[in-house]
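>
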Amino acid sequence: MDSIEFDAIIRHPRTIIHIDVDCFYAQVEMLRHPELQSKPLGVQQKNIVVTSNYLAREYGIKKCMSVEEALQLCPELALVNGEDLTHYRHYSAKILKILHRFTPLVERLGFDDNFLDVTSIVQKYMNSGNDSELNISINMEDEHPVGKVFGPSEEECPCGCHSRLIIASKIAAEIREQIYKDLHITCSAGIGHNKLLAKLVGLLHKPNQQTLIFPCSAAMLLSTIESVSKIPGVGQKTTQLLMSNNIKTVDDLRKTPLEALEKKIGIDLARKLKDNAEGIDETVVKPTGKRQSIGLEDGFKSVSLIAEVESRLGALLRRLTELAMEDGRIPVAMRLTVRKHDFNKSASGKRETRQCALPKHLLPSSKSGIYDHAKMLALAMKLFHRTVDVSKPFHLTLLGVAFTKFEERSSGKNSITSFLRKQVAVQSVLDISSEEGVSDINLGSPMSVNQDSNDGSAMSTTSSPISKPIGTNNQTVDDDVLNEIEPLPKKTRLEVWLSGRRESPSNEMADLRLSPSSPMQLSPKIDAAVLKSLPIDIQREVTRSWPTTSKPKSNNILKYFIANK
DNA sequence: CTGGGGTCCT
DNA sequence: AGGACCC
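When you read off a place in the first sequence, starting at 1, and then add 187, the result is the number in our numbering.
(1) Near residue 599, what residues of its chain come up, given a Cβ to Cβ distance below 8 Å and the 5 sequence neighbours on each side ignored?
(2) Is the beta carbon of residue 416 sitting closer than 7 Å to the one on residue 437?
(3) Which residues bound the beta strand (DSSP E) around residue 301?
(4) State yes or no: is the C-beta of residue 398 within less than 7 Å of the C-beta of residue 337?
(5) Assuming the contact rule is C-beta atoms closer than 8 Å, residue 375 and residue 389 should be a hit. Round their C-beta distance to whole Å, please.
(6) Round the Cβ separation of residue 543 and residue 563 to the nearest angstrom and send it over; I've been treating them as touching at under 8 Å.
(7) Using three-state DSSP, classify residue 266 as helix, strand or coil.
(8) Here's a check: name, in chain order, each residue in its chain whose Cβ is nearer than 6 Å to the Cβ of residue 358, leaving out the five neighbours to either side.
(9) Here's the rule I'm using: 16 or more other beta-carbon atoms within 10 Å means buried, otherwise exposed. How should residue 224 be labelled?
(10) Look up residue 810 in the DSSP assignment and give the residues it is bridged to.
(11) What residues are listed by DSSP as bridge partners for residue 530?
(12) Do you know how far the Cα of residue 211 is from the Cα of residue 277?
(13) Could you compute how far the alpha carbon of residue 832 sits from the alpha carbon of residue 384?
(14) Measuring alpha carbon to alpha carbon, tell me which residue in 310, 452, 467 is nearest residue 387.
(15) Kindly list the residues whose CB is nearer than 8 Å to the CB of residue 285, restricted to its own chain and excluding five residues on each side of it in sequence; keep chain order.
(16) Out of 204, 234, 262, state which residue places its alpha-carbon closest to the alpha-carbon of residue 226.
(17) Since residue 351 is in the alpha helix (DSSP H), which residue starts that stretch and which ends it?
(18) Can we say the region 488-500 touches the region 581-588, given the rule of at least three CB pairs closer than 8 Å?
(19) Tell me whether residue 342 sits in a helix, a strand or coil according to DSSP, three-state version.
(20) Take residue 310 as the anchor and find which of 296, 246, 325, 299 has the nearest alpha-carbon.
(21) Taking Cβ to Cβ, would you say residue 515 is nearer than 7 Å to residue 596?
(22) In the DSSP output, which residue or residues are listed as bridge partners for residue 397?
(23) For residue 206, which of 282, 267, 423 has the nearest alpha-carbon?
(24) Alpha carbon to alpha carbon, how far is residue 471 from residue 351? Give it in angstroms, no decimals.
(25) Return yes when the Cβ of residue 260 is within less than 7 Å of the Cβ of residue 246, no when it is not.
(26) By the 10 Å Cβ neighbour count, where 16 or more other Cβ atoms means buried, how is residue 764 classified, buried or exposed?
(27) Taking residue 174 as the reference, give the member of 479, 402, 201 with the closest Cα.
(28) In the DSSP assignment, what are the bridge partners of residue 540?
(29) Could you tell me the distance, in whole angstroms, from the CA atom of residue 469 to the CA atom of residue 381?
(30) Distance check for residue 234 and residue 496, CA to CA, integer angstroms please.
(31) Comparing alpha-carbon positions, which option in 253, 273, 296 lies nearest residue 266?
(32) Within a Cβ cutoff of 6 Å, which residues of the same chain sit near residue 413, ignoring the five residues on either side of it in sequence?
(33) DSSP state of residue 272, grouped into three classes?
(34) Hey, residue 475 and residue 295: beta-carbon distance below 7 Å or not?
(35) Check residue 636 in the structure and name its three-state DSSP category.
(36) To which residues of the same chain is residue 540 closer than 7 Å at the C-beta, ignoring the five residues directly before and after it?
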């Protein structure tokens, strides 16, 4: 077969639907507060209106606008706080379940953005006129797509994608209908033969509508997007790089020779963007599995006291352990995130993270079935002291804590797999107990904050003799476990103090010293020899079920069947 | 005081 | 551990 004919036949083999929930947070809040349904509504996080309903958008309110600005545009704007994502997470899971009724091939970006590869269900419809597994029947006689179509559709592509896309538009309509019937949430959809086109075309008609694009209109769609920054994957940095090279539009991108572009932005990105500029995108829909991390963050004006850090981390950890229990898997590592106030310039304020293994005995699987919050907090504080030099004044604008590696809850028996998996998870994580073994010397004298500063705030009178002798403080967490676990008060002394304090934080602070966090026995070293000593087929069995850290390199063979360019 | 989440790559 | 990206 001539390679050109071959190209023509196999060109657009996939069918992709992109489902975007309309102003997701705002819809959820309207469901929770029906009286707000008919009013302009914004969802607020800190000083930001992160999203708003369409009534509010008529006033010109945009995503991530400041509250001030939004209220100027619409003084009667109703605002609800959306800093707690619990309800959104809940609805997001329900939406995902509905999508899974259609196909397991669902890739999620965030809570409200989904790609579905419906190639195979479209094929089922073409074979039989219905899908016995779904309760949907599609009128195959009707050749018209549901919803809008972008661009001309005069000539049918010889690969047959035309009718596939039309069927997919009916499936998309059915998906949206089921989401609305079950949840009273509206979505918009884009239908195309790849992810890029499905996503971009769905933006054209937005609340509660859907749009289809045929391949012949792909280049046209890309031409109509004004800036390269609208291409998914082109963020702020790349946009700056491109603009400094006078590349602003997709057409600029097309005019730039690949070789020249590679030198400016790197070979991988250059190739991707040259493809994208023509509407080409071979990336596959990667089904989203379990989360790779579960985290919580809290931003604030400024936190400069260790005591307040401890209080806030404690609150975050309580919620985080609840989320982990819902998830069902056992976390194996903890990561702390800190954002330090950046007052040298108006720089963005980078985050710093520290990560460590989570010792097994802090986990709920061991006897009690619950987390030991005191020790979790001690561990988090240890990470904090690795991140922030508390001998000097500090002020933070964000604290976050996350679980980052997981072990499936064993369901009992698969001992060897479970054992090895745990080892591999722990192995790559820094073992913080093994270095600076006794550590916590800083913890002994936290009042040294401000010791040479003149800002006269809280602590300057202090330097209260903290001296619990470091030596006696230095029992390990393991020792604590062996001793008895002190019943955790509803409020810790720290929280009581914090909630009661007004202006004169005095030497009460001496009592707020973090309980001696100390080296923990962590992470037995992995024994690669154990694995290697197994029969090869057992090795394979074991490694196949490991949490995926390596990814299949995306050398899609289809690439070689794409019309040259 | 640009939010509170996430992903993957280097 | 950080960076860039997504929503």
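Note that beta-carbon positions come from the ideal geometry of N, C-alpha and C, so glycine has one too. Since the structure is predicted, the reported quantities are computational estimates derived from the model, not experimental observations.
Inspection of the coordinates gives the following:
(1) Along the first sequence, read from residue 1 onward, the residue named residue 599 stands at position 412. In this predicted model, residue 599 has a pLDDT of only 48, less than 50, meaning its place in the structure is not dependable enough to derive any value.
(2) For the purposes of this step, residue 416 is taken as the residue at position 229 of the first sequence. For the purposes of this step, residue 437 is taken as the residue at position 250 of the first sequence. Contact: no.
(3) On the first sequence, residue 301 is found 114 positions in, with the first residue counted as 1. For residue 301, the enclosing beta strand (DSSP E) starts and ends at 300-304.
(4) By one-based count along the first sequence, residue 398 stands at place 211. By one-based count along the first sequence, residue 337 stands at place 150. Less than 7 Å divides the Cβ of residue 398 from the Cβ of residue 337.
(5) Walking along the first sequence from the start, residue 375 turns up at place 188. Walking along the first sequence from the start, residue 389 turns up at place 202. Between residue 375 and residue 389 a beta carbon distance of about 5 Å is seen, short of the 8 Å cut, so the two are scored as contacting.
(6) Your numbering for residue 543 matches position 356 in the first sequence. Your numbering for residue 563 matches position 376 in the first sequence. In fact, because the Cβ distance is near 12 Å, the residues do not count as touching under 8 Å.
(7) The sequence position of residue 266 within the first sequence is 79, counting from 1. Strand at residue 266.
(8) Within the first sequence, the letter at position 171 stands for residue 358. Here the set comprises 305.
(9) Here residue 224 is taken as the residue at index 37 of the first sequence, counted from 1. Classification of residue 224: exposed, given that the 10 Å Cβ count is below 16.
(10) With the chain represented from 188 up to 752, any question about residue 810 goes unanswered, as that position is not in the structure.
(11) As a working mapping, residue 530 is identified with position 343 in the first sequence. DSSP output for residue 530 lists no bridge partner at all.
(12) As a first step, residue 277 must be located in the first sequence, where it is residue number 90. As a first step, residue 211 must be located in the first sequence, where it is residue number 24. For residue 277 and residue 211, the gap between their C-alpha atoms comes out near 12 Å.
(13) This structure gives no information on residue 832, because the portion of the chain shown stretches from 188 to 752.
(14) Stepping through the first sequence from its first residue, residue 387 is reached at position 200. Checked all of 310, 452, 467; the closest Cα to residue 387 is 467.
(15) Residue 285 sits at position 98 when you count from the first residue of the first sequence. Within the same chain, 362, 365, 366, 369, 370 come within 8 Å of residue 285 by CB-CB distance, once the 5 residues on both sides are set aside.
(16) As a working mapping, residue 226 is identified with position 39 in the first sequence. The shortest Cα separation from residue 226 among 204, 234, 262 belongs to 262.
(17) Along the first sequence, read from residue 1 onward, the residue named residue 351 stands at position 164. Per DSSP, the continuous alpha helix (DSSP H) segment holding residue 351 begins and ends at 348-370.
(18) Contact holds: three or more Cβ-Cβ distances are below 8 Å.
(19) Within the first sequence, residue 342 is the residue found at index 155, counting from 1. When DSSP states are grouped into helix, strand and coil, residue 342 belongs to the coil group.
(20) Position 123 of the first sequence, counted from the first residue, corresponds to residue 310. Looking at the Cα atoms, 325 is the closest of the given residues.
(21) On the first sequence, residue 515 is found 328 positions in, with the first residue counted as 1. On the first sequence, residue 596 is found 409 positions in, with the first residue counted as 1. Contact: yes.
(22) Position 210 of the first sequence, counting from 1, holds the residue named residue 397. Paired residue(s): 376.
(23) In the first sequence, counting from the first residue as 1, residue 206 sits at position 19. It is 282.
(24) In the first sequence, counting from the first residue as 1, residue 351 sits at position 164. In the first sequence, counting from the first residue as 1, residue 471 sits at position 284. About 18 Å.
(25) For the purposes of this step, residue 246 is taken as residue 59 along the first sequence, with counting starting at 1. For the purposes of this step, residue 260 is taken as residue 73 along the first sequence, with counting starting at 1. Yes, Cβ-Cβ distance for residue 246 and residue 260 is below 7 Å.
(26) As displayed, the chain neither begins before 188 nor continues past 752, which places residue 764 out of reach and without an answer.
(27) Given that the chain is displayed from residue 188 to residue 752, the structure contains no residue 174 and the question cannot be resolved.
(28) Residue mapping note: residue 540 aligns to position 353 of the first sequence, counting from 1. Beta-bridge partners assigned by DSSP to residue 540: 524.
(29) Counting from one through the first sequence, the residue named residue 469 turns up at place 282. Counting from one through the first sequence, the residue named residue 381 turns up at place 194. Looking at the two C-alpha atoms, the distance is approximately 7 Å.
(30) Counted from its first residue, the first sequence places residue 496 at position 309. Counted from its first residue, the first sequence places residue 234 at position 47. A direct Cα-Cα distance of roughly 21 Å separates residue 496 from residue 234.
(31) For the purposes of this step, residue 266 is identified with residue 79 of the first sequence, where counting begins at 1. Ranked by Cα distance from residue 266, the first of 253, 273, 296 is 253.
(32) By 1-based counting over the first sequence, the position of residue 413 is 226. Apart from the 5 residues on each side of it in sequence, residue 413 has no Cβ closer than 6 Å to any other Cβ in its chain.
(33) As a first step, residue 272 must be located in the first sequence, where it is residue number 85. Under the three-state reduction of DSSP, residue 272 is assigned to coil, being neither helix nor strand.
(34) Stepping through the first sequence from its first residue, residue 475 is reached at position 288. Stepping through the first sequence from its first residue, residue 295 is reached at position 108. Closer than 7 Å, so yes.
(35) Looking up residue 636 in the first sequence gives position 449. Residue placement at residue 636 is poorly supported in this model, since its pLDDT is 31, which falls under 50; the coordinates are not used for a value here.
(36) Along the first sequence, one-based indexing puts residue 540 at 353. Once the five neighbours on either side are set aside, the close Cβ partners of residue 540 are 522, 523, 524.
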